[in-house]
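Residue numbers (the working numbering), protein chains in the order written: chain A, 1495 to 1823; chain B, 82 to 334.
Yeah, the Cβ is synthetic: ideal placement off N, Cα and C, and Gly gets one too.
If you're wondering where the values come from, they're calculated on a predicted model, not measured in any experiment.
Notes follow the structure.
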Amino acid sequence: MKAVLNYLRNLDRRILYGALIAGALLIPVIIRNDYWISALVLFGIWAILGLSLNIIVGYAGLFQLGHAAFWAVGAYTTAILNIYLKVPILVCMPISALVAAFFAILISRPILHLRGDYLCIVTIGFGEIVRLFLYNDPFKITGGVNGLRGIARPSIFGLEINTPTAYYYYVLFFVLITILAMQRLENSRLGRAWNYIREDELAAEAMGIDTVKAKLLAFALGAAWAGVAGNIYASRYTVIAPETFSFWNSVVMFCIVVLGGTGSIPGVFVGTAGMILLPELLRTILSSILEWRLLIFGIAMVAMMIFRPEGLWPHRRYRLELRREETSS
Amino acid sequence: MALLEVRNLTKSFGGLVAVNDVSFHVDEGEILSMIGPNGAGKTTIFNLITGVLPPDKGEIRFNGRNLVGLRPHQITELGIARTFQTIRLFPNLTVLENVMAGLHCRTKAGLWSSLFQTRVQQEEEKFIREKALEYVRFMGLEGLEFELAKNLPYGLQKRLEIARALATNPRILMLDEPAAGLNEQETSELMETITKLRDQGITIFLIEHDMKVVMGISERIIVLDNGYKIAEGTPEEIQNNPRVIEAYLGKEE
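Here you go:
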């Protein structure tokens, strides 16, 4: 296992990325099974959610256990704008991102000084508030328990995206953009500022980093990206309901980040495969396994924390940098 | 003119008055030491100046500007850098990344320029890297750029902390017990470094227990005891001050 991982890491990155993208492009041609392609679409949406939470949990080290709320804000913003006002899905996407970011700033500003478990509890509370708000529907726009149905499909230059395969490429496009953006952020002044805060907040502040601003930005950006995932989700299923955005799904997102290796982009994909794709795979093999899902997750989590606390594919930027430096000089 | 001026500074924690009506000043270009027994309030004064703690009373002026009420990062940006008594590096980041932290407040790339990797942002990244490397070399850490900070031996971690503070391009460098835990050779290297920094125009304000360091490099010394300033003067004056001797050795019966 270790040898394989090291081999993969040592390959020239560009060849590796090229091969991965080519492989991803060819999957629908090879698989030709709508069920599995749909599963991969879901995988992509969850990968985006994982990457968005990774900004907050992985880079900035802030515990956020209510991330599904921002996913919900994005999905409902799109649904409401599209159903009631007929705003095209792709126009809704940036609006969803902005609305989610707005809510993130609104709720995180007063709790930013909280640390660790305290922050965690407040975010759980917020997640539940959003879900219950959607459920009880005080303004009669969210559809209550039944949610909203009849959300349109996105269309690009008049071409409607409505088959699983079309959705596969649509989601793949956003996944790739997200990866690119995250990679750039990791190696930027802002990304480093988040890492400094994660490592030692007081020292970061003493070194001249506006920690309040940086943390707000992490929350806002993570939420915005989850809002985009919400937009994609809403148009993919055309129906959304409050139960999708439950606390359990916030936990799944958190597990995706921690399982794969906090702060690591490939780790998020490993985590998503483990949390989303694997249960799907098991279901086709043995349907009764679904009843055991929670137990299996629980055991897997405990085992992870004991045997591999750094995650399955931890962040390795430092060694890579070192190696690049050696070969270039 | 005094670069840093502290007037009637008072801070208490519950019933304990940690700093009691302390006034002093730091002149531009000097090396000033603050000494005193444990619990005298030295680190509290550092924390008050750098904005980590708010004072109960008193005034702190840097270059004529009032620092009270500013947040730590704003004070650093104005030109006051510090190290910590117990090392506070970013343990899981590399030596280079640690030093790059200091350059954060001297650069300005934001979210969008990072996402689109504009030319200005790319040039700034290069600048940050090169500047950081300069400080790494200055503190004798070359060859260790990509080591994780937590893997460095104690003496090098102390140097890295100074390198990181220097990267903020400070006018005053505040060192909290820089010689603590260093061996004799490391201590004399530290003294050389401090003198060199002063010669480059950086004002040094340090807390130190090692009397060899304090008496060897300081131009002036402030002595604190139980939150009060009990003496101020040149090394000779302090060494012969009966109140200082009493604070350190106790009263003769």
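*Between the C-alpha atoms of D1704(A) and H154(B), what's the straight-line distance to the nearest angstrom?*
6 Å
*Beta-carbon proximity check, L1684(A) vs G191(B), cutoff 8 Å*: yes
_Sequence-distant residues of its chain with Cβ nearer than 7 Å to N179(B) (five each side left out)_ = These residues qualify, in order along the chain: L170, F171, A230, L241 and R245.
*Taking buried to mean at least 16 other C-beta atoms within 10 Å of its own C-beta, is P1522(A) buried or exposed?*
buried
*Taking 8 Å as the CB-CB limit, is M1701(A) close to chain B?*
yes
_Which residues in chain B have a C-beta closer than 7 Å to the C-beta of Y1690(A)? List them in chain order._
F171 and A182
*Can you check the segment 1727 to 1756 of chain A for any alpha helix (DSSP H) of at least 4 residues that lies completely inside it and give the ranges in chain order?*
1741 to 1754
*Whole-Å CB distance - L148(B) paired with R142(B), under 8 Å assumed*: 7 Å
_Residue range of the unbroken beta strand (DSSP E) whose run includes G139(B)_ = K138 to F143
_For a contact defined as C-beta to C-beta under 9 Å, what are the partners of R1678(A) on chain B?_
The answer, in chain order, is S195, L196, F197 and Q198.
*Rounded to whole angstroms, what's the CA-CA distance from G1716(A) to P1648(A)? Just pull it up for me.*
23 Å
*So, using beta-carbon positions, are A1825(A) and T131(B) closer together than 8 Å?*
Nothing about residue 1825(A) can be reported from this structure: the residues present for chain A run from 1495 to 1823 only.
*Where does V1498(A) sit, in a helix, a strand or coil, going by DSSP?*
helix
*Looking at A1591(A) and S1744(A), is the spacing between their C-beta atoms short of 8 Å?*
no
_Using 8 Å as the cut-off, can you tell me whether the segment 1574 to 1591 of chain A makes contact with the segment 1631 to 1646 of chain A, which would need three or more C-beta pairs spanning the two stretches below that distance?_
yes
_Tell me the DSSP secondary structure of L1789(A) in three-state form._
helix
_Proximity test, Cβ basis, 8 Å: H185(B) and chain A_ = Yes, H185(B) counts as interfacial toward chain A.
_Minimum C-alpha distance to G139(B) - residue among K92(B), G183(B) and R146(B)_ = Just measuring C-alpha positions, the residue of K92(B), G183(B) and R146(B) sitting nearest G139(B) is K92(B).
_Residue-chain proximity (L1684(A), chain B), Cβ-Cβ < 8 Å_ = Cβ-Cβ to chain B under 8 Å: yes for L1684(A).
*In the DSSP assignment, what residue or residues form a beta bridge with N147(B)?*
R142(B)
*M220(B) by DSSP, collapsed to three states: which one?*
coil
*Assuming G1568(A) and A1541(A) form a contact by the criterion Cβ under 8 Å, report the distance between their Cβ atoms to the nearest whole angstrom.*
Contact doesn't hold; Cβ gap of about 16 Å is too wide.
_If we define contact as Cβ-Cβ less than 8 Å, is L174(B) a contact residue for chain D?_
This model lacks chain D altogether; the protein chains it does include are A and B.
*What does L1696(A) reach in chain B if we use C-beta pairs closer than 9 Å?*
The contacting residues are V133, P153, F165 and R169.
*For E258(B) and chain A, any beta-carbon pair shorter than 8 Å?*
No, because no Cβ of chain A sits closer than 8 Å to the Cβ of E258(B).
*Keeping to the same chain, check which residues put their C-beta closer than 6 Å to that of T1821(A); ignore five residues upstream and five downstream.*
In this predicted model, T1821(A) has a pLDDT of only 41, less than 50, meaning its place in the structure is not dependable enough to derive any value.
*Neighbourhood of E1774(A) by C-beta, 7 Å cutoff - its chain only, sequence neighbours within 5 removed*: A1533
*Kindly identify the DSSP beta-bridge partner or partners of D257(B).*
I288(B)
*Using a beta-carbon distance below 8 Å, is E1824(A) in contact with chain B?*
Only positions 1495 to 1823 of chain A appear in the structure, and residue 1824(A) is not among them; the question remains open.
*Among L97(B), F127(B) and V98(B), which one has its Cα closest to the Cα of V107(B)?*
F127(B)
*Within chain A, partners of T284(B) - CB distance below 7 Å*: Neighbours of T284(B) on chain A: none; closest Cβ ~18 Å, over 7 Å.
*Does the Cβ of W1530(A) have 16 or more other Cβ atoms within 10 Å, making it buried, or fewer, making it exposed?*
buried
*Can you list the residues of chain B that A1513(A) reaches, using a CB-CB cut of under 9 Å?*
Under the 9 Å cutoff, chain B gives no residues; its nearest Cβ is about 24 Å from A1513(A).
*Runs of beta strand (DSSP E) wholly within the segment 301 to 332 of chain B (minimum 3 residues, chain order)*: 301 to 306 and 309 to 314
*Listed by chain order, chain A residues near A190(B) by CB distance under 8 Å*: From the beta-carbon of A190(B), the residues of chain A found nearer than 8 Å are S1682, R1683 and L1684.
*Is there contact here, the segment 263 to 276 of chain B with the segment 199 to 206 of chain B, by at least three beta-carbon pairs under 8 Å?*
no
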